[in-house]
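Student:
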Ligand SMILES: Cc1ncc(COP(=O)(O)O)c(C=O)c1O
């Protein structure tokens with residue numbers, strides 16, 4: 101009964117570890133803020149439900165939300181309007197819609213390795229071939245532009261970028277954003293920029309969106325992290341108007357429309373919740389400092405300090421054990437984290453720890469890691 105397509109699809113390594121974990125474990129595995137959505141965002145959701153806004157909405161999302169999103173991006177490209185915006189069921193659906201709307205069978209798509217778990221499988225579901233481009237700690241997990249160019253063939257359709265990155269925390273500086281855009285333009289490639297963590301940045305240079313910076317750009321974003329509303333499943337994509345109009349057909353046939361109350365809530369969030377997101381980001385930065393300092397003090401661990409998002413991606417040098425064996429060993433000691441290879445082959449020798457959890461749990465995680473490292477030496 102099963103299609104070849106589904107049989108060839110692997111379950112994400114993150115979910116596998118999570119499903120195997122006992123309930124009392126210290127969980128640095130899953131990538132979601134431990135905060136509640138801002139008060140005003142929650143209130144807007146309750147009100148929407150009470151006012152009876154519980155029906156299907158427009159397939160592309162409600163107009164006021166699309167307009168508010170367009171306003172956010174007008175500072176990058178003043179011609180941005182609601183017609184550039186499609187509201188999706190999380191960034192996840194946005195990424196799937198982009199893949200199904202852009203790739204043809206036989207196309208090649210450059211994807212980061214290590215990188216977020218959906219890019220490769222989505223390319224394959226659309227019949228395209230993901231071609232991983234390396235991100236190494238020696239290069240602070242930023243793309244090497246010469247290496248990237250060497251991977252481009254006549255079949256290459258697009259390059260997927262993710263800044264701030266899950267799992268590495270790297271943030272692509274403005275100068276490199278423009279270099280990537282120039283490379284894409286020179287080879288007539290689309291840039292697909294996953295900016296789900298655009299508001300969670302620790303650098304002094306402000307975050308640079310790819311929107312408006314290359315000839316062909318699609319930005320995918322999400323409200324999951326910005327307003328700590330992962331469970332409400334709301335995100336969006338920005339693209340040229342003609343692309344949005346066509347992609348809306350795929351979106352409609354997959355999900356009909358995004359849920360209405362979370363859209364009302366996200367609209368409220370865009371209007372008034374920047375201070376709540378900034379306060380959450382300040383706390384993440386303090387935890388980033390705690391975890392980076394703690395990891396650097398553990399024998400055999402080294403880390404490039406994350407510049408955004410809420411993941412530490414340390415390298416481990418503990419002899420002959422693979423990242424999966426280390427993660428399994430740590431799980432037996434009561435710590436859940438994600439092996440680096442869940443994000444691609446070059447994640448080998450790394451672990452991903454989410455610091456979107458309390459300082460207390462981070463301290464306990466560091467203690468478990470230290471005891472594990474001491475046992476090994
Ligand atoms: C880089 C990145 N992009 C997209 C997503 C999708 O998030 P959501 O579907 O909740 O919007 C995630 C979630 O972890 C992510 O880390």
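In our numbering, the protein residues as written are 101 to 477.
Just so you know, even glycine gets a beta-carbon here, dropped at the ideal spot from N, CA and C.
1) Buried or exposed for residue 222, going by 16 or more other Cβ atoms inside 10 Å?
2) Can you find a heavy atom of ligand 1 that lies under 8 Å from the Cβ of residue 294?
3) First and last residue of the beta strand (DSSP E) that includes residue 403?
4) Closer than 8 Å by C-beta to residue 415: which residues in its own chain qualify, once you throw out the five before and the five after it? Chain order, please.
5) Span of the beta strand (DSSP E) holding residue 348?
6) Starting from residue 472, trace the alpha helix (DSSP H) in both directions and tell me its first and last residue.
7) Pick helix, strand or coil for residue 233, following the three-state DSSP scheme.
8) Ends of the alpha helix (DSSP H) at residue 219?
9) Should residue 452 be listed as close to ligand 1, given that the test is whether its C-beta is under 8 Å from any heavy atom?
10) Restricting to runs no shorter than 3 residues, where is the beta strand (DSSP E) found entirely within the region 241 to 320?
11) Of all the options 316, 312, 287, 325, which has the alpha carbon lying nearest to the alpha carbon of residue 296?
12) So residue 286 packs on residue 314, CB below 8 Å; how close in whole Å?
13) Secondary structure at residue 454, three-state DSSP: helix, strand or coil?
14) Residue 185 bridges to which residues according to DSSP?
15) Our contact map puts residue 335 next to residue 262 with C-beta atoms below 8 Å; I'd like the distance itself, whole angstroms only.
16) Apart from the five residues just before and just after residue 155, which ones in its own chain have a Cβ nearer than 7 Å to its Cβ?
17) At what residues does the beta strand (DSSP E) containing residue 210 begin and finish?
18) So, for residue 329: in the same chain, excluding its five sequence neighbours on each side, which residues have a beta-carbon less than 6 Å away from its beta-carbon?
19) Where do the ends of the alpha helix (DSSP H) carrying residue 164 lie?
20) On a CA-only basis, which of 206, 433, 269, 422 is nearest residue 131? Give me that one, please.
21) Does any heavy atom of ligand 1 sit closer than 8 Å to the C-beta of residue 330?
22) Assuming residue 355 contacts residue 191 under a Cβ cut-off of 8 Å, what Cβ separation, rounded to an integer in Å, is found between them?
Tutor: In this structure, then:
1) Buried, by the Cβ-count rule.
2) Residue 294: yes, Cβ under 8 Å from ligand 1.
3) That residue, residue 403, is in no beta strand (DSSP E); it is neither H nor E in DSSP.
4) Short of 8 Å from the beta carbon of residue 415, and not among the five residues preceding or following it, lie these beta carbons of its own chain, in chain order: 237, 401, 402, 403, 449, 450.
5) Careful: residue 348 lies outside any beta strand (DSSP E), inside the alpha helix (DSSP H) at 341 to 355.
6) 459 to 476 is the extent of the alpha helix (DSSP H) around residue 472.
7) In the structure shown, the three-state DSSP call for residue 233 is strand.
8) 219 to 225 is the span of the alpha helix (DSSP H), which, as asked, contains residue 219.
9) Closer than 8 Å to some heavy atom of ligand 1: that does not describe the Cβ of residue 452.
10) The region 241 to 320 is shown to contain whole beta strand (DSSP E) runs of 3 or more residues at 256 to 262, 290 to 294, in chain order.
11) Ranking 316, 312, 287, 325 by Cα distance to residue 296 puts 325 first.
12) Between residue 286 and residue 314, the beta carbon gap of about 10 Å keeps them out of contact (Cβ cut-off 8 Å).
13) Residue 454: strand per DSSP, three-state reduction.
14) Paired residues: 338.
15) At roughly 14 Å, the Cβ-Cβ gap does not stay under 8 Å, so residue 335 and residue 262 are not in contact.
16) Answer for residue 155: 360, listed in chain order.
17) Looking at the DSSP string, the run of the beta strand (DSSP E) that includes residue 210 is 208 to 213.
18) The residues are 137, 323.
19) Run containing residue 164: 163 to 174, per the alpha helix (DSSP H) assignment.
20) For the residues 206, 433, 269, 422, the minimum Cα distance to residue 131 belongs to 269.
21) Answer for residue 330: yes, Cβ within range of ligand 1.
22) In fact, because the Cβ distance is near 13 Å, the residues do not count as touching under 8 Å.
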